[in-house]
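In what follows, a structure is listed as structure tokens, so that the remarks can point back to it.
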Amino acid sequence: MNSRHVPASLTLHTDSPPATQRIGVAIGRAVAAGQVIALCGDLGAGKTTLVQGIAAGMGVHARVTSPTFILMNEYATEDGRRLVHIDAYRLAERATLADAATFGLADLLAEAGMDGVNVVAIEWADRVAALLPADLLTITLVASEDDPEARILQLTATGAQSAAVIEQLLTSGALADLPESTGTPRKM
Ligand SMILES: Nc1ncnc2c1ncn2[C@@H]1O[C@H](COP(=O)(O)OP(=O)(O)O)[C@@H](O)[C@H]1O
Ligand SMILES: [Mg+2]
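Mapping the sequence shown onto the working numbering, position 174 (from 1) lands on 175, and the numbers just tick up by one.
Shown next, in the form of structure tokens:
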């Protein structure tokens, strides 16, 4: 296969919760089964808000709530896929593999790529970094100091499947009305 330039990172700015959800919808439309999405950022950064959009974009009809106290929720999409929404917040800052194994995260991630059904979105993914696959779409959300509704989303792809999501976001035009977006092409 010829090597070509694929977008490996993308910075997006949002100025409201609905704008963050719209980004999520675009991501939800772009992901394929087996995709793992790592969500990083402080409490209140907007991780769950973004997952609500991802779910809508994937065709989930159920209301998506924060799984913080139960660690994991599963949602069926209208086309027979599944969005698995995990929140690792309650794990220790450096969770051991045994901690994560208690809720089957290792198995779940291993299966995600294989069964052709699951998309996995993990809040506080940094706490289970050792378990995450190499091909990962990492989204770091950062609040802005001057505007309480502004967020910066930094998307980074570390593999072909994840890079394809960023490429799809850039080519679909779905993000055209956002305040600002910058793609950084990298040769892979
Ligand atoms: N641009 C924005 N994007 C997402 N959430 C925002 C934004 N501006 C304000 N908010 C507020 O920040 C909070 C984000 O909460 P949530 O999505 O649960 O964060 P997290 O899951 O990262 O803890 C919500 O109360 C939401 O209304
Ligand atoms: Mg949350």
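Quick reminder that beta carbons are idealized off the backbone N, C-alpha and C, glycines included. Treat the numbers as computed from the prediction; the structure is a model and nothing was measured.
Taking all protein chains in view, the Cβ of Glu-168 is crowded by 16 or more other Cβ atoms within 10 Å, so the residue is classified as buried. CA-to-CA, the gap between Gln-36 and Ala-161 works out to about 11 Å.
A residue is called buried once 16 or more other Cβ atoms fall within 10 Å of its Cβ, and Gly-105, having fewer, is exposed. Shown here, Gln-155 sits in a strand according to DSSP, grouped into three states. Nearest neighbour of Ala-89 by Cα position, chosen from Arg-83, Arg-128 and Gln-155, turns out to be Arg-128. Collapsing the DSSP output to three states places Ala-33 in coil. Closest option to Ile-153, judged by alpha-carbon separation, among Leu-133, Ala-31 and Gly-42: Gly-42. Beta-bridge pairing by DSSP links Val-61 to Thr-78.
Of the other Cβ atoms in all chains shown, fewer than 16 fall within 10 Å of the Cβ of Gly-117; this residue is therefore exposed. Taking a C-beta distance under 8 Å as the contact criterion, Gly-81 and Val-52 do not qualify as a contact pair.
Following the DSSP letters along the chain, one finds Ala-122 inside the beta strand (DSSP E) bounded by residues 119-124.
Within its own chain, the residues whose Cβ lies closer than 6 Å to the Cβ of Val-85, once the five positions on either side in sequence are excluded, are Glu-75, Asn-119 and Val-121, listed in chain order.
Rounded to whole angstroms, the gap between the alpha carbons of Ala-107 and Glu-150 is 35 Å. According to DSSP, residue pairing for Val-143 in a beta bridge involves Ile-153.
Close CB contacts of Gly-58 within its chain, under the 7 Å cut and outside five residues either way in sequence, are with Gly-25, Val-26, Ala-27, Ile-28, Gly-29 and Arg-30 (chain order). In the displayed model, Leu-170 falls within a helix according to three-state DSSP.
Distance from the CA atom of Leu-132 to the CA atom of Leu-176, rounded to whole angstroms, is 31 Å. No Cβ-Cβ contact shorter than 8 Å links Leu-171 with His-14.
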